[in-house]
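The sequence shown begins at -6 in my numbering and counts up one residue at a time. All C-beta atoms, glycine included, are put in the ideal place defined by N, C-alpha and C. Computed from a predicted model, the values in this text were never measured in an experiment. One structure is given below, encoded as C-alpha cells.
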Amino acid sequence: MEIEKITSEDAEKYMREAIELARLSADEGEVPVGCVVVCDGGIVGRGRNRRETGKNALAHAEIEAIDEACRTLGGWRLWKCALLVTLEPCPMCAGAIINARIPQVYYGTEDPKGGACGSVVNLFEMKFNHRPEVVSGILKEQCSDMLTDFFKNLRSKGSDRAQ
C-alpha cells in the first residue's frame, strides 16, 4: 500500500506549526527546533527542543514528537505518518525515524555540522530495512533565520553555548 504524499501547501502549513514550537523553545533559551508528526490529515505528535531545560541529551524535537505520535496512535510503527521538522535531523533522530518506520521526512533547513539526511551523512540511504523519503527546504528561510538570530543573540551575550 502506497502512502499518500503531503501536498506542498500542507507541508508549509505543518511546518508553520513546527516553527511555532521552535519559537517556544527559543523563548526558553533553547536552540529553536520544532517538529510535528502528521497522520491522516492531522497532527498526532508535537515536539520541541528541551535539552537545556530538561538537562537531557535525548530531548530533541523529533524524539518528543515521535513519542507523542506513538502514544496518540497506540503503536510504535508510524508507517502512515510524515514528520516535519525545522532543522535537518541529527543521527539520533534519523535513527528514531527509521525505527518508527516513518515514510516521509520534511525539514526546513540543513544542519551542516550534524545533519544526517545529507549534510554530514545520509542515514536514509544506508542499507537499513526502512528508507524514508526526504524533502528539504520547506520554509527554509524562516527556519534558517530563526537559528541564525538565536545564535547571534547568544554570541552577543557571550554564552559558551553559541557554538
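- Bounds of any beta strand (DSSP E) do not take in L51, whose DSSP letter is neither H nor E.
- DSSP lists R41 as the beta-bridge partner residues of G27.
- The beta carbon of C32 is closer than 6 Å to those of K73, C74 in its chain, skipping five residues each way along the sequence.
- Beta-bridge annotation (DSSP): I36 is paired with V31.
- When beta bridges are read from the DSSP output, C110 appears opposite N115.
- For the pair K48 and L132, the Cα-to-Cα distance works out to about 29 Å.
- Remark: C-beta atoms of A89 and I56 approach each other more closely than 9 Å.
- Taking the Cβ atoms as the reference, A109 lies roughly 12 Å from V78, outside the contact range of under 8 Å.
- Three or more Cβ pairs closer than 8 Å define a contact, and the segment 104 to 120 falls short of that threshold against the segment 57 to 72.
- Under DSSP, Q97 takes part in a beta bridge, and its partners are A75, E126.
- F121 and D60 have their alpha carbons spaced roughly 21 Å apart.
- Beta-bridge partners of T141 (DSSP): none assigned.
- By the CB criterion at 9 Å, Q97 and I(-4) fall inside the cutoff.
- In the DSSP assignment, the residues bridged to L80 are T102.
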